[in-house]
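Asker: Quick note, the sequence shown lines up with residues 1 to 229 if you use full-length UniProt numbering.
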Amino acid sequence: MDSPAHRVRKPRRLPNTRRALTPDELSDINAAARSGGNDIVLDALLLRLHTETACRRGGALALRLTDLDTDHALIRLREKGGTQRWQPITPMLANRLDDHARVRGAVAPTDALLRYRNGQPATHRRYDLLWARIGRQLPWVAVQGISAHWLRHTTLTWVERHFGYAVARAYAGHTDRRGPATTTYIKADLHAVATALAALTGQPHPLVVEQRGRPQPSVQPVEPPIRRT
1 MDSPAHRVRK
11 PRRLPNTRRA
21 LTPDELSDIN
31 AAARSGGNDI
41 VLDALLLRLH
51 TETACRRGGA
61 LALRLTDLDT
71 DHALIRLREK
81 GGTQRWQPIT
91 PMLANRLDDH
101 ARVRGAVAPT
111 DALLRYRNGQ
121 PATHRRYDLL
131 WARIGRQLPW
141 VAVQGISAHW
151 LRHTTLTWVE
161 RHFGYAVARA
171 YAGHTDRRGP
181 ATTTYIKADL
191 HAVATALAAL
201 TGQPHPLVVE
211 QRGRPQPSVQ
221 PVEPPIRRT
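(1) Can you grab the Cα-Cα spacing for the pair A198 / T90, in whole Å?
(2) Is it buried or exposed for W140, if we count other Cβ within 10 angstroms and need 16 for buried?
(3) What separation, rounded to the nearest whole angstrom, lies between the Cα atoms of A20 and Y165?
(4) Hey, how far is the Cα of R64 from the Cα of A108?
(5) Return the CA-CA distance between A192 and V167, expressed in angstroms with no decimal places.
(6) Taking 6 Å as the limit between beta carbons, can you name the residues of its chain near T110, skipping five residues before and five after?
(7) Please report the Cβ distance between L114 and L47, rounded to the nearest whole angstrom; I am assuming they are in contact, meaning their Cβ atoms lie under 8 Å.
(8) Of all the alpha helix (DSSP H) runs that stay within the bounds of the region 115-166, which reach a length of 4 or more residues?
(9) Between which two residues does the beta strand (DSSP E) carrying I75 extend?
(10) Taking Cβ positions, are Q84 and C55 nearer each other than 8 Å?
(11) Opposite L68 in the DSSP bridges: which residues?
(12) Quick one: Cα of T157 to Cα of A106, how far?
(13) Check T83 in the structure and name its three-state DSSP category.
(14) Got a sec? Which residues, its chain only, sit under 6 Å from H50 by beta carbon, not counting five neighbours each side?
(15) Please say whether L45 and L68 have beta carbons closer to each other than 8 Å?
(16) Residue range of the alpha helix (DSSP H) that R96 falls in?
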């Protein structure tokens, strides 16, 4: 039986105002994050992690010590929909994450990777505080509602522009809905993502060096390496 409710037109979805950040905007955001706050090391790691991997907040906060492979500069992301994937990161970031976790008390394989100074696992609250602080220094950040998801959009836009839709899709961890819930990269996909990362950051990646030779010079490098302190 046809219900009258089914004939009511659904309201049109409002357009998404999210866009890719410019290099200057990204630089200003990173500078603001480093200029104050009670944990600039964690804040810098969060921004760098999201810029390099285009991961979601949930994926970053779910990272455990066992999800970090420093030898191959990879992290295992577990994100929405039950998906999992190995994502290339720069060796610099891999080492910083390992140092950060161990200095702040991570010992067991299942211990959280991102941690507060008191050793407790980082939470969504850290993102709220970080972007509120950046917004106070950069009013346009608050006005436009910029968040970590804008970093994801920025990186994926850059990857698609320079490496094409297929690589951007793999970089984002998008899955074929007809396939299994867990994403497993084929070898070529992982190397393609690593190649894109090397170009984005201007830093070599082990998978690219082993398979493709030295990476091309960076077209648009991201922020310089974060401080080790």
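Glycine included, C-beta positions come from ideal geometry on N, C-alpha and C.
Answerer: So, from the data block:
(1) Separation of A198 and T90 (C-alpha to C-alpha, rounded to the nearest whole angstrom) is 8 Å.
(2) The residue in question, W140, is exposed, as its Cβ has fewer than 16 Cβ neighbours within 10 Å.
(3) If I take the Cα positions, the gap works out to 16 Å.
(4) Per the coordinates, the alpha-carbon of R64 lies some 9 Å from the alpha-carbon of A108.
(5) Cα-Cα distance, rounded: 6 Å.
(6) Around T110: R64.
(7) The Cβ separation is near 12 Å, so there is no contact.
(8) With a minimum length of 4 residues, the continuous alpha helix (DSSP H) runs that stay inside the region 115-166 are 124-137, 139-144, 148-163.
(9) Here the beta strand (DSSP E) through I75 covers 74-79.
(10) By the CB criterion at 8 Å, Q84 and C55 fall outside the cutoff.
(11) The partner list for L68 (beta bridge, DSSP) reads I75.
(12) T157 and A106: Cα-Cα distance of roughly 34 Å.
(13) Annotated three-state conformation of T83 is strand, per DSSP.
(14) Only residues of its own chain outside the window of five on either side were considered, and among them A148, L151 have a CB closer than 6 Å to the CB of H50, listed in chain order.
(15) Against a cut-off of 8 Å, the Cβ pair of L45 and L68 comes out as no contact.
(16) Per DSSP, the unbroken alpha helix (DSSP H) holding R96 starts and ends at 91-103.
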